[in-house]
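All the letters of the sequence shown, read from the start, carry residue numbers 85 to 382 under my numbering.
Note that the Cβ used here is the ideal one computed from N, Cα and C, for glycine as well.
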Amino acid sequence: CAFLNIEEEVCAKSRVYIANGEAVLILMQGNDEVNETKLEKVLGGNVRPAHPDELKELTGADAGSIGPIGFKGKIVADLRLKNRNNLFSGANKNDYHIGGIDLNRDVPKIEYADLRIVESGEGCPKCENLLEVFPAIELGHIFKLGTKYSESMKAFFLDENGKEKPIIMGSYGIGVERVIACFIEQNHDTKGIVWNKTLAPFAVHLISINPKNEKVGQTCEMIYNELFASGIEVLYDDRDASPGFKFNDADLLGMPVQVVIGEKKLKENKAEIKIRKTDQRFDVELSEVINKVKELLK
């Protein structure tokens, strides 16, 4: 369209795909793009774009100069082009185009299907509200298998008349790994992950400040064992590293509750608890640490 200096709406741009070994020309309005998921459903089987050398062999032209006139194969156009005329498209000769195309007259065997990618701001054909398009991750899928596999496996049932019929099958899948990736994408901040208590690898991150100190080490071991005995999974950081380094790692890993044990707080017989999601910090008596953690994880 830019090459001809005309509006995209009067252009019928062509894309050639190979479906089950056969070439198919797809015709779209100039400002639309092919939704390949829709295309696969329409054509069935394996669908892929034709390679440049295949385009040359099939049409005699390179991409950008391909058109429906004279194409010796199946042609499918998007519904937005149905009954359209006075269109421009490639002439199947490099740098040449044809104008005044009437699809009903010039491409009599053309087929039509919904092939375009919908855009934000367009109206919904069902509820008439505006559509919003945004990136998403497929976490699961459901699709009908029908009787293809049940017939081959001879998986039958008896209907109300006692007659054998094949079971109608479906496929139901959940991408467990994708659930984690999706959760992190939606629940993080500049410091790292913000796990909830359901998906967190550990409910509590126990941080020992100066683990070489005997009292600090003993207190951490006591709290770890009591939490573990209560069925609470704990990530225990007893590395010989600076407090700041450990705090940064704790925020990066993002367990819901952090329990910090250090010499200074132990002198007051207290521990520090931090809620990762809100960054709220408060001191708790050592005797109440377990109960407080349980309360926060309810």
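Notebook entry, point to check: Who does Pro250 pair with in a DSSP beta bridge?
Noted result: Locating residue 250 in the sequence shown gives position 166, where the first residue counts as 1. In the DSSP output, where bridge partners are listed per residue, Pro250 has Phe240.
Next item on the list: Could you check what DSSP says for Val288 in three-state terms: helix, strand or coil?
Entry: For the purposes of this step, residue 288 is taken as the residue at position 204 of the sequence shown. DSSP places Val288 in strand when its eight states are reduced to three.
Notebook entry, point to check: Helix, strand or coil for Gly154 per DSSP?
Noted result: Taking the first residue of the sequence shown as position 1, residue 154 is located at position 70. The answer is coil: DSSP assigns Gly154 none of H, G, I, E or B.
Item checked: Under 8 Å between C-beta atoms of Ser149 and Gly174 -> Counting from one through the sequence shown, the residue named residue 149 turns up at place 65. Counting from one through the sequence shown, the residue named residue 174 turns up at place 90. Yes.
Next item on the list: Let me know the beta strand (DSSP E) ranges lying completely inside the stretch 283 to 357, each 3 residues or longer, listed in chain order.
Entry: 288 to 292, 318 to 321, 341 to 345
Notebook entry, point to check: For Ala265, which of helix, strand or coil comes out of DSSP?
Noted result: What you label residue 265 is simply residue 181 of the sequence shown in a count that begins at 1. Here Ala265 sits in helix by DSSP.
Check: Ile316 and Ala334 look like a contact to me (Cβ under 8 Å); what is the Cβ gap, rounded to whole Å?
Finding: Reading the sequence shown from its first residue, position 232 is the one you call residue 316. Reading the sequence shown from its first residue, position 250 is the one you call residue 334. Not quite, the Cβ-Cβ distance comes to about 16 Å (not below 8 Å), so this is no contact.
Check: Whose C-beta lies closer than 7 Å to the C-beta of Gly67 among residues of the same chain, with five residues either side of it excluded?
Finding: No answer is possible for residue 67: it lies beyond the span of the chain, which begins at 85 and ends at 382.
Note to self: Given this structure, state the Cα-to-Cα distance separating Asn280 from Pro340, to the nearest angstrom.
What the structure shows: As a first step, residue 280 must be located in the sequence shown, where it is residue number 196. As a first step, residue 340 must be located in the sequence shown, where it is residue number 256. Cα to Cα, the separation comes out at about 6 Å.
Note to self: Just to confirm the assignment, what range does the alpha helix (DSSP H) spanning Arg164 have?
What the structure shows: By 1-based counting over the sequence shown, the position of residue 164 is 80. From DSSP, Arg164 is part of no alpha helix (DSSP H); its letter is neither H nor E.
Check: DSSP beta-bridge partners for Pro133?
Finding: As a first step, residue 133 must be located in the sequence shown, where it is residue number 49. Answer is Tyr101, bridged to Pro133.
Next item on the list: Determine the contact status of Lys158 and Val108, defining contact as a CB-CB distance below 8 Å.
Entry: Residue 158 sits at position 74 when you count from the first residue of the sequence shown. Residue 108 sits at position 24 when you count from the first residue of the sequence shown. Result yes, Cβ atoms of Lys158 and Val108 sit closer than 8 Å.
Next item on the list: Locate the alpha helix (DSSP H) running through Lys122, then write down its first and last residues.
Entry: The residue labelled residue 122 in the question sits at position 38 within the sequence shown. Segment 120 to 127, the alpha helix (DSSP H) holding Lys122.
Note to self: If you reduce the DSSP assignment to three classes, tell me which class Val278 lands in.
What the structure shows: As a position in the sequence shown, residue 278 is number 194, starting the count at 1. If DSSP states are grouped into helix, strand and coil, Val278 belongs with coil.
Next item on the list: List the endpoints of the continuous alpha helix (DSSP H) containing Lys378.
Entry: One-based indexing of the sequence shown puts residue 378 at position 294. Start and end: 373 to 380.
Check: Out of Glu92, Ala161, Asn115, which has the shortest C-alpha to C-alpha gap to Tyr101?
Finding: Counting from one through the sequence shown, the residue named residue 101 turns up at place 17. A check of alpha carbon separations from Tyr101 across Glu92, Ala161, Asn115 identifies Ala161 as the nearest.
Notebook entry, point to check: For Arg360, which of helix, strand or coil comes out of DSSP?
Noted result: Locating residue 360 in the sequence shown gives position 276, where the first residue counts as 1. Coil.
Next item on the list: Answer yes if the stretch 210 to 220 comes into contact with the stretch 232 to 252, meaning at least three C-beta pairs across the two stretches below 8 Å, and no otherwise.
Entry: no
Check: By Cβ distance, which residues of its chain are closer than 6 Å to Lys361, with the 5 residues on each side in sequence left out?
Finding: Reading the sequence shown from its first residue, position 277 is the one you call residue 361. Within the same chain, Lys361 has close Cβ partners Val278.
Check: Can you tell me where the beta strand (DSSP E) with Leu229 in it begins and where it stops?
Finding: On the sequence shown, position 145 is the one that residue 229 refers to. That run of the beta strand (DSSP E) goes 224 to 230.
Next item on the list: Buried or exposed for Ile338, please, with buried defined as at least 16 other CB atoms from any protein chain shown within 10 angstroms of its CB.
Entry: Walking along the sequence shown from the start, residue 338 turns up at place 254. The sequence as given places Gly at residue 338; Ile does not occur at that position. The residue is buried, with at least 16 neighbouring Cβ atoms inside 10 Å.
Checklist line | Whole-angstrom C-beta distance between Arg200 and Arg164, which should lie under 8 Å | finding: Taking the sequence shown and counting its residues from 1, the one referred to as residue 164 is at position 80. Taking the sequence shown and counting its residues from 1, the one referred to as residue 200 is at position 116. Arg164 to Arg200, Cβ: 7 Å. Contact.
Item checked: Residue closest to Ser255, alpha-carbon to alpha-carbon, out of Ala103, Lys232, Phe331 -> In the sequence shown, residue 255 corresponds to position 171, counting from 1. When only C-alpha atoms are compared, the closest one is Lys232.
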